[in-house]
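Here the working numbering is used: position 170 in the sequence shown is 170, and no number is missing along the way.
Ideal Cβ placement from N, Cα and C applies to all residues, glycine included.
These notes are about the structure you will find just below.
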Amino acid sequence: MTQFSEIEELDAEHGMQTYGRLPVAFVRGEGVKLWDSEGKEYLDFLGGLAVTALGHAHPAVADALADQARTLLHVSNLYFNEWQPQVAARLDALHGGGGKVFFSNSGAEANECAIKLARRYGQANGGPDRFHVLSAWGSFHGRTLTTLAATGQPQKQETFQPLPSGFRQVSFADVDALAAAMDERVCAVLLELPASSTTTAISRFVVLVPEVAKVTDLIAAAYAASVSLPVKVSTPPAKTPTMLAVSTNVSVSSPA
C-alpha cells in the first residue's frame with residue numbers, strides 16, 4: 001500500500017494546490033468506516049460533503065455501477081437515454097410533481113442554472129435592469145465566477161476580481177435587512193440553508209422570504225443543501241412564481 005508521504009509528494013508535484021487539506025489519505029471505505037493509507041480506521045461523519053449518504057462500498061450501489069459500466073457509460077445530452085427521464089420523473093415526484101428537472105455535475109452548476117432562470121424571468125418581466133441577486137453574508141454558493149460573486153465571503157472573492165456584477169449580500173435571517181435591500185432591480189434571493197435550520201429566527205426568515213419578494217413581484221430562488229425544514233412556506237400568487245433550486249444528493253431506492 002502506498003504510504004501517505006508518497007501520495008502527498010506526488011500530489012504536490014503534479015496537482016494544483018487549491019485546497020488546504022488535512023494530512024490524511026483515505027484508501028478504503030465500508031459503510032460509515034474509512035481506512036487511511038497507514039491503516040488507521042475512522043468514522044466518516046462528512047459523507048463526501050453529502051455525496052456518499054448510502055455509505056462506502058454499498059454492495060447494491062457497487063453492483064449497479066458495475067452493471068451500468070458494462071452496458072453503457074455516456075452518450076452526452078445530444079441524445080436520449082433510458083435512465084435520465086426515469087430519474088427526472090422520480091425526483092419530480094419526490095418534490096410534489098409538476099416541475100422540471102435540470103441535471104448537473106455540481107452545486108455550482110445547479111446554482112448557475114437558478115441564477116440564469118431568475119435573470120431570464122426578471123428581465124423578461126421587469127426590464128433589462130432586473131438582474132440583481134440578493135444572498136447572505138457568510139454564504140457559499142460555488143467556485144465559478146458567477147457563484148463566487150453570489151458568495152458572501154469577500155476573502156474568497158478578492159483574488160478573482162472583477163467578478164460578475166449584480167450580486168449583493170445581506171445578513172442571514174435578518175428580514176428587515178432583506179426588505180431594505182429589495183428594489184426593482186432584484187430578480188432573486190439566493191439562500192444556502194444550514195443543515196440544522198430549526199431555530200425560530202431561521203424558520204421565520206425562510207417563511208417570510210417569499211412574502212418580502214411579493215412586494216417587488218420578483219422570483220424567489222432558494223438553494224437548499226440536503227435540508228428538511230419544519231416550516232410551511234406560503235405560496236405567492238400566480239404572477240410571482242417561486243423557484244426552488246435544489247442542489248441535493250438524492251438516493252432513489254429500488255426493490256431488493
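When DSSP labels each residue in this structure, what does residue i get in the three-state scheme?
i	result
F167	strand
R70	helix
H257	Limits of the chain in this structure are 1 at one end and 256 at the other, which puts residue 257 out of reach.
G127	coil
F4	helix
F26	strand
A136	strand
H14	helix
Q161	coil
A173	coil
R21	coil
Y121	helix
E109	helix
Going by DSSP, which residues form a beta bridge with residue i?
i	result
Y42	L34
K209	The question names Lys, yet the displayed sequence has Val at residue 209. The partner list for V209 (beta bridge, DSSP) is empty, contrary to what the question assumes.
G152	W137
V186	H132
H56	G31
Taking its Cβ as the centre, do 16 or more other Cβ atoms sit within 10 Å of residue i, making it buried, or is it exposed?
i	result
F45	exposed
L134	buried
A66	exposed
Q169	buried
E30	exposed
R21	exposed
G97	exposed
R70	exposed
H14	exposed
L190	buried
E158	exposed
L178	buried
E9	exposed
H56	buried
V209	buried
F103	exposed
A136	buried
G138	exposed
L34	buried
G48	exposed
E192	buried
Taking 6 Å as the limit between beta carbons, can you name the residues of its chain near residue i, skipping five residues before and five after?
i	result
F167	V133, A149, A150
V87	none
S196	Residue confidence is low: S196 scores 48 on pLDDT, short of 50, so the model does not pin down where it sits. No coordinate-derived value is stated.
Which same chain residues, not among the five before or five after residue i, have their C-beta less than 7 Å away from its C-beta?
i	result
V61	L54
V32	L43, D44, G55
Looking only at its own chain, which residues have a Cβ that is under 8 Å from the Cβ of residue i, when we skip the five neighbours before and after it?
i	result
L72	N81
E38	Q3, F4
Under a CB-based cut-off of 7 Å, is residue i close to chain D?
i	result
P154	Absent here is chain D; the protein component of the structure consists of one chain.
Cβ of residue i versus every heavy atom of the ligand PLP: is any distance shorter than 6 Å?
i	result
W35	Ligands displayed in this structure: none; no statement on the ligand PLP is therefore possible.
I'd like to know if the region 98 to 114 and the region 137 to 152 are in contact, where contact means that at least 3 CB-CB pairs between them fall below 8 Å. Yes, since at least three Cβ pairs between the region 98 to 114 and the region 137 to 152 fall closer than 8 Å, the two stretches touch.
Touch test, the region 124 to 133 against the region 76 to 95, Cβ-Cβ under 8 Å, three pairs minimum: Verdict: no, contact absent.
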